[in-house]
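Residue numbers (full-length UniProt numbering), protein chains in the order written: chain G, 1 to 473; chain L, 1 to 851. Ideal Cβ placement from N, Cα and C applies to all residues, glycine included.
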Amino acid sequence: MLVTVTSTAPTASNLSHLLRKHPDRAQEFSLSVGTAHVFYPEVSDERCTVAMLLEVDPIGLVRDKNFKGSDAAALARYVNDRPYASSSMVAVALGQVFRTAMNGTSESFPELAAAALPLEITVAAVPARGRDTAGLVTRLFEPLGWVVEETPIPLDPEFPEWGDSVYVDLVLRGEIRLSDALRHLYVLLPVLDDSKHYWVSDDEVGKLHRAGQGWLPDHPERELITRRYLAHQRSMVDAATDLLAADARLTELDDIVPDDGAGPGALTRPAPLAPQRAEAVLSALRDVSAHSVADVGCGEGALLKRLVADPSFTKIIGSDVSPSVLAKADRALNLREASDRLRERVQLVQSSVTYQDDRLAGLDAIVLMEVIEHVDPERLAALEASVFGAAAPGAVVVTTPNGDYNALFESLAAGTFRHADHRFEWSRAEFAAWADGVALRRGYTVEYRTIGDIDADLGSPTQLALFRKATDR
Amino acid sequence: MTRLPLPDMSLVVLVGASGSGKSTFAAQHFGPFETLSSDFFRGMVSNDENDQAATPAAFEALRFVAGKRLDAGLLTVIDATNVQPESRRSLVALAREHDVLPVAVVLDVPQSVCVERNAARDDRSFGASVVKRQYDQLHRSLRHLGKEGFRRVHVLSGVDEIAAAEFVREPLLNDRRAEMGPFDAIGDVHGCRSELEVLLGKLGYELVRDDEERPVDAVHPQGRRAIFLGDLVDRGPDSPGVLRLVMGMVAAGHALAVPGNHEAKLVRALEGKKVQVSHGLAETLAQLSDETPEFRKQVLQFCRDLVSHLVLDDGRLVVAHAGLIEKYQGRASGRVRAFALFGDTTGETDEYGLPIRLPWADDYRGAATVLYGHVPTLEAEWVNGTMCLDTGCVFGGKLSALRYPEKEVVDVPAEKVWYEPTKPLGSRGANGGSSARDATRDPALLRIDDVLGKQVVETRAFGNVGIREDNAAGALEVMSRFATDPRRLVYLPPTMSPPQVSKREGILEHPAEAFDAYRREGIDHVICEEKHMGSRAVVLLTRDASRFGAPEGWRGAVHTRTGRPFFDEATTDEFLSRLDRVAETAGLWSELGASWLLFDAELLPWSLKAGAMIREQYAGVAAAATSALPAASRVLQTAVARGVDVADLLARTERRASNADRYRDAYRRYSQPVSGLDGVQLAPFQLLASEGTSHLGKDHAWHLARADSLADADGDLIRRTRRIEVDLSSPGSETAATSWWEELTSAGGEGMVVKPVAGLMRGTRSLAQPGIKVRGPEYLRIIYGPDYLDPANLARLRNRDVGHKRSMALREYALGVEAVERFVADEPLWRVHQAVFGVLAMESEPVDPRL
């Protein structure tokens, strides 16, 4: 909410000319993001400070449709850091209030505008998400010639055990052209904020290009800056999609593609497991000559796509518990524009493994790929009754993480799981105990297979059980 | 006047040439919607009633509509010429598909009349040749109508006979809805006369004996009647004795009976047809051969006249030997009879050579109670509102009866094993010797269509509550993946509405508006309960794990208002074992004679559930605010000092800084550190139910007294709910309550909930709101933001509508109450779950979450 820029150049008060704001008057600007106030707390020939204070109207924020986020965040919106943090909204305000100075042109003081000035910039309560990973703030500003001083703000001094908040008070010092300094802030404040940005224009790519001229192309963190800056645009364009992503088929830890060295990408993994898993499921289905298949817990349809591509599968049902995920699968498979024949072949239904669903009865095979570990152990009996009892397909293919193998994930603390939603990750023995019991109770035989690299002692990262209905007595 | 009988549940096919007056006849005798005319449907699909090219499409549409009507059990008349056998054949098939009786009504009018009538109509260009052809086809058909499958044929010859006809609608033989009971339904007797005598005695009947001391009737002093569920004969020691008694009771009006498959076979044997004399029929025939021919004749007559199933007690009770699925109830067709006698058979046999019967009851969702026998089981048990009363007496089990409507099982043990069973009794289920197929269905398994799609839940408190399809879809994931097992999820609490906004200056919510709301409902006695600073929690505490399908030693569940468990398994167990002891000390178990207790409560502190939200959301905002605002004030002060006019902005910024401090204070009150169960407290405010009883009708004083006794027993674990009763007709009483609220909230309390003292009750218009929450001004900072009390903000926030929230609260309340009532009445799981699921589904309706 507050940015100050101090010049200690000779005849420092000339700063006001570059900024084109009168040093003795307080000015108010009504902007889309709130009301910006510009005033000078200090003006002398040795030292001149301009301050911009942005007042954000939290209630207007909720009620303005331009800023409408998702329903899930609705409770958060009246209680929102935007009125206090120096967020991407402050960047927008800077860009509007100091547009001329940011362009770096000055009719009356062209040399001053072109010159590097001794500047000190303070920014209060900068939301710096990802700050704790490898000194992000410094990595962003230092290459541009700034000396960075960041003071973390504790979450709550009364509860020291909660640690620091995401906010830092930021001081930047350096000999930098004013227009460059403003453009650094304009781009890097949203990059640090990295969430909940409310954009007001569509042309963010063009803006980034203009604001980054002369410094961004050579910045060592160019990729991160670009990705984070533009990531906001997607969240603006499709806030709804963002909401849906929260319940998309849960990405497993072992499927995550390493991310700018900051994420849990420390895994050393030759190939992501997901495609290997899909292939293993497909070959199991071919081994039992399945033609009618349901992928229960189909998510966004990764396996369905592979099933559709294989003409030997003549009836394909994708089921999932989440309607929004099914809508995504529908889009991914482009079913709306599909031919009648394809639509007859592929069907998406909302269902749940703990309820009996006659639409899934009597198929050649049912696939439960990475599903059971998302079901509470006490509900597994219902899953068994619904899949093996009521639907009773000719074969069932179950894949699930092999808990034994977790020891090989360096980033995984002992006793923790690969995904926060996993209710369990069974060892091979635990999986076999369950599967053997199901097979016995429900009249199936069961065969175990591995997926992924095999460790001599710990097995493969994913385990697969192929159940076949026992032939009649 | 010729009176023609017409069964209630029938498909009436009019047969007659064009111009025979079918439409006029139909209009005279049937209701406007009852008749489906081919002309009308031709018009519907082609805009032209006489467009013969549209006939196939018209009949397709007609059959579809007729099917829907027959599904609903409505008599339906087909007005078309129907003179050709193939057109009638498809209608007979339609009737059979819906298990109603096909009836033909032939209008046989002289050709000349038809031709004359057609000529008088300018929209018909039929020549005499068309009529002649139809007339000939009709006459060729007349003799064969019965053979074609019509169960009744009325031929009306000539204009006069047609004019004189009148229909009399008759109920089907199985329609005994007027018989209201009470009844005692008795399972398969199989010739066990002695056990039957004992059972009747135990049920309170007095036996009447003939000269030879043989029982020939049994009379209940209170006029109760027995219902025999079939299979009176075969295998046992005295089938004739059983028949004599039952026939006597039925004849005297002291009993009803339906036939079993053994009676059906006996009929065929007695009729001299060739039958396989097995499964104990030989014994019966031998026993009957000692009887008189007259008796044998009576037996044949009795068994032949039995109707395969009966619908009783206004449709609430259905009896059939092998049970009956909902769509067959009250219907008549060959397959309905076969189902009633033999059950849901597939034609396959199991390893004992016995026919495989599918467990239809597992899927039963009908409203009527179904009582039946046929499949010997160890215990008579409820499955989805159905009960099999064949407990294998003749195989050495017991003879069972169910008192209806009391739903109380009465049984007597077999005197001995009269007949060796082919397969062990009770071998359905997990028994190792059973066939795989028998084990494949689980009656506790819920069906996806129990919850998905548009649902209507009938509630005792509020009538029908509709659940929108989208809302149900939205709730499925939470219910499947995060909620407590449905067998243990008996109740979800309703949402609660705040009052209308207060018009008082500088405040958003005030008790006055809550009091006004109840006064408008005509409710004068309310109770204000302290609103605890915790999370809504439902606590199920049980000493009988099996009641909830849980393993021995399971103590219950503690879940949120969306059904999520609060704790992990071990912590739940620790918490509940402590609560069990507290309830013991408080004497609750013994007072209520309870095996389980269900509480509506608040679990403290709030940070237990919302810790992450408090830290990441509330504390984060406060950290930014309490750091940036003072910094801004300092910069502004410097500017003011050098004469820049920012005094207003400075004042505003300082005020905001102080608001931020108060906001931080507000959330801090919810952040008591908790480790394990240390610091966790439960504040129960309602004891919803215990085994067999819902306590929702009791007043809040009763509930809070029980809660107090728990707090007295263990003040560390149980938090007392402070409250004050208010007489809304007394201004003094109201003022006192308002001051109480002010004290509570100025001391940092969250607020209070105002409820009708009587609990569940109706207001002037509808069900009264179960509670209205009045939140304190400081607490509301966490909801509406630190600066919400600034006049400009407050003015905008006043614009909020609680109408939708109120309506949701009522419907959710009605559903929650219904779920509890259904559970204590021991209704099938799907019925309980449907109501619980409804509450969760309603929660996915978008409503302003700050209300």
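Quiz item: Measuring CB to CB, does Val490(L) end up less than 7 Å from Phe823(L)?
Solution: By 1-based counting over the second sequence, the position of residue 490(L) is 490. By 1-based counting over the second sequence, the position of residue 823(L) is 823. A contact, by the Cβ cut-off of 7 Å.
Quiz item: Whose Cβ in chain L lies nearer than 7 Å to the Cβ of His422(G)?
Solution: To locate residue 422(G), count along the first sequence from 1; it is residue 422. Within 7 Å Cβ-Cβ: nothing; His422(G) doesn't reach chain L, min ~12 Å.
Quiz item: DSSP puts Gln686(L) in a beta bridge; with which residues?
Solution: Here the question's residue 686(L) lines up with position 686 in the second sequence. Beta-bridge annotation (DSSP): Gln686(L) is paired with Asp600(L).
Self-check item: Local conformation of Ala53(L) per DSSP, three classes
Solution: Locating residue 53(L) in the second sequence gives position 53, where the first residue counts as 1. Three-state DSSP puts Ala53(L) in a helix.
Exercise. Please compile the residues from chain L whose C-beta is within a distance smaller than 7 Å of the C-beta of Ser386(G).
Key: As a first step, residue 386(G) is located in the first sequence; it is residue number 386 there, counting from the start. Near Ser386(G) (Cβ distances below 7 Å), the residues of chain L are Leu445.
Quiz item: Which residues does DSSP pair with Ala622(L) in a beta bridge?
Solution: Within the second sequence, residue 622(L) is the residue found at index 622, counting from 1. None; Ala622(L) has no bridge partner.
Quiz item: Do Asp787(L) and Arg656(L) have their C-beta atoms closer together than 7 Å?
Solution: Here residue 787(L) is taken as the residue at index 787 of the second sequence, counted from 1. Here residue 656(L) is taken as the residue at index 656 of the second sequence, counted from 1. Yes, they are a contact pair.
Exercise. Going by CA-CA distance only, name the one from Leu412(G), Asp287(G) and Arg173(G) that's closest to Glu425(G).
Key: In the first sequence, the residue the question calls residue 425(G) occupies position 425. Answer by Cα proximity: Leu412(G).
Quiz item: Whose C-beta lies closer than 6 Å to the C-beta of Leu250(G) among residues of the same chain, with five residues either side of it excluded?
Solution: Taking the first residue of the first sequence as position 1, residue 250(G) is located at position 250. The predicted model places Leu250(G) with a pLDDT of 36, which falls under 50 and marks its position as unreliable, so this point remains unresolved.
Quiz prompt | Contact set for Tyr355(G): own chain, Cβ-Cβ below 7 Å, skip 5 residues either direction | solution = Position 355 of the first sequence, counted from the first residue, corresponds to residue 355(G). These residues qualify, in order along the chain: Ser386.
Quiz item: Looking at the C-beta of Val409(L), does it have a partner C-beta in chain G at a distance below 7 Å?
Solution: In the second sequence, residue 409(L) corresponds to position 409, counting from 1. Chain G contact via Cβ: absent.
Practice problem: State yes or no: is the beta carbon of Thr638(L) nearer than 7 Å to at least one beta carbon in chain G? | Solution: For the purposes of this step, residue 638(L) is taken as residue 638 along the second sequence, with counting starting at 1. For Thr638(L), the answer is yes, since a Cβ of chain G falls inside 7 Å of its Cβ.
Exercise. Confirm, please, whether the CB-CB distance from Gly452(G) to Leu273(G) is below 7 Å.
Key: Here residue 273(G) refers to the residue found at position 273 of the first sequence. Here residue 452(G) refers to the residue found at position 452 of the first sequence. It is a contact, given that the beta carbons lie within the stated cut-off.
Quiz item: Candidates Thr484(L), Ile467(L), Ala368(L) and Pro237(L): which alpha carbon is nearest Lys416(L)'s?
Solution: Your numbering for residue 416(L) matches position 416 in the second sequence. The shortest Cα separation from Lys416(L) among Thr484(L), Ile467(L), Ala368(L) and Pro237(L) belongs to Pro237(L).
Quiz item: By how many angstroms is the C-alpha of Arg564(L) removed from the C-alpha of His374(G)?
Solution: Position 374 of the first sequence, counted from the first residue, corresponds to residue 374(G). Position 564 of the second sequence, counted from the first residue, corresponds to residue 564(L). Between the C-alpha atoms of His374(G) and Arg564(L) there is a straight-line separation of about 14 Å.
Exercise. Would you kindly check if the distance between the Cβ of Val208(L) and the Cβ of Val216(L) is under 7 Å?
Key: In the second sequence, residue 216(L) corresponds to position 216, counting from 1. In the second sequence, residue 208(L) corresponds to position 208, counting from 1. In contact: Val216(L) and Val208(L) (Cβ atoms closer than 7 Å).
Exercise. Could you pull the start and end residues of the beta strand (DSSP E) that Cys528(L) belongs to?
Key: Here the question's residue 528(L) lines up with position 528 in the second sequence. That run of the beta strand (DSSP E) goes His525 to Glu530.
Self-check item: C-beta neighbour in chain L for Leu2(G), strict 7 Å
Solution: Here residue 2(G) is taken as the residue at index 2 of the first sequence, counted from 1. Output row for Leu2(G): interface = yes.
Quiz prompt | Segment limits, beta strand (DSSP E) that includes Asn464(L) | solution = Translated into positions along the second sequence, residue 464(L) becomes position 464. Its beta strand (DSSP E) spans residues Gly463 to Ile467.
Exercise. For Thr571(L), name the three-state secondary structure that DSSP assigns.
Key: For the purposes of this step, residue 571(L) is identified with residue 571 of the second sequence, where counting begins at 1. Three-state result, Thr571(L): helix.
Practice problem: Could you tell me whether any Cβ in chain L is nearer than 7 Å to the Cβ of Pro323(G)? | Solution: Against the first sequence, residue 323(G) aligns to sequence position 323. By this cut-off, Pro323(G) is an interface position.
Exercise. My understanding is that Asp79(L) touches Lys132(L), with C-beta atoms under 8 Å, so please give their C-beta distance in whole angstroms.
Key: In the second sequence, residue 79(L) corresponds to position 79, counting from 1. In the second sequence, residue 132(L) corresponds to position 132, counting from 1. Actually they do not touch by this definition, with Cβ atoms about 21 Å apart.
Quiz item: Excluding sequence positions up to five away, which residues of its chain have a Cβ less than 8 Å from the Cβ of Gln27(G)?
Solution: As a first step, residue 27(G) is located in the first sequence; it is residue number 27 there, counting from the start. Correct list, in chain order: Lys21, His37, Val38 and Phe39.
Exercise. For the beta strand (DSSP E) holding Ser7(G), just list the boundary residues, first then last.
Key: In the first sequence, residue 7(G) corresponds to position 7, counting from 1. Its beta strand (DSSP E) spans residues Leu2 to Ser7.
Quiz item: Is the Cβ of Gly838(L) closer than 7 Å to any Cβ of chain G?
Solution: Taking the second sequence and counting its residues from 1, the one referred to as residue 838(L) is at position 838. With 7 Å as the cut-off, Gly838(L) does not count as an interface residue toward chain G.
Quiz item: Three or more beta-carbon pairs under 8 Å between the region 156 to 171 of chain G and the region 615 to 624 of chain L, yes or no?
Solution: The way I'd put it, the region 156 to 171 of chain G does touch the region 615 to 624 of chain L; three or more beta-carbon pairs between them come closer than 8 Å.
Quiz item: At what residues does the beta strand (DSSP E) containing His37(G) begin and finish?
Solution: The residue labelled residue 37(G) in the question sits at position 37 within the first sequence. Per DSSP, His37(G) belongs to the beta strand (DSSP E) from Gly34 to Val43.
Self-check item: DSSP beta-bridge partners of Ile186(L)
Solution: Position 186 of the second sequence holds residue 186(L). In DSSP, Ile186(L) forms a bridge with Phe228(L) and Ala401(L).
Quiz item: How is Glu370(G) classed by DSSP in three states: helix, strand or coil?
Solution: Within the first sequence, numbered from 1, the residue matching residue 370(G) stands at position 370. In this structure, Glu370(G) counts as coil in the three-state DSSP scheme.
Quiz prompt | Under 9 Å by beta carbon: chain G residues contacting Ser607(L) | solution = Locating residue 607(L) in the second sequence gives position 607, counting from the first residue. Neighbours of Ser607(L) on chain G: none; closest Cβ ~10 Å, over 9 Å.
Quiz item: Below 8 Å, can you find three or more Cβ-Cβ pairs linking the region 143 to 150 of chain G to the region 656 to 673 of chain L?
Solution: no
Practice problem: Could you name the residues of the same chain whose beta carbon sits closer than 6 Å to that of Asp194(G), not counting the 5 residues immediately before and after it, in chain order? | Solution: Here residue 194(G) refers to the residue found at position 194 when the first sequence is read from its first residue. Taken in chain order, the residues that qualify are Arg129 and Arg228.
Practice problem: Sort out for me which residues DSSP pairs Lys469(G) with in a bridge. | Solution: The residue given as residue 469(G) occupies position 469 in the first sequence. Paired residue(s): Tyr444(G).
Self-check item: Cα-Cα separation between Tyr670(L) and Ala707(L), rounded to whole angstroms
Solution: Indexing the second sequence from 1 puts residue 670(L) at position 670. Indexing the second sequence from 1 puts residue 707(L) at position 707. For Tyr670(L) and Ala707(L), the distance between alpha carbons rounds to 23 Å.
Quiz item: The alpha helix (DSSP H) with Thr735(L) in it runs from where to where?
Solution: Residue mapping note: residue 735(L) aligns to position 735 of the second sequence, counting from 1. Start and end: Pro731 to Ser746.
Quiz item: If you draw a straight line from the C-alpha of Tyr663(L) to the C-alpha of Glu750(L), how long is it?
Solution: In the second sequence, the residue the question calls residue 663(L) occupies position 663. In the second sequence, the residue the question calls residue 750(L) occupies position 750. Rounded to whole angstroms, Tyr663(L) to Glu750(L) spans 13 Å at the Cα level.
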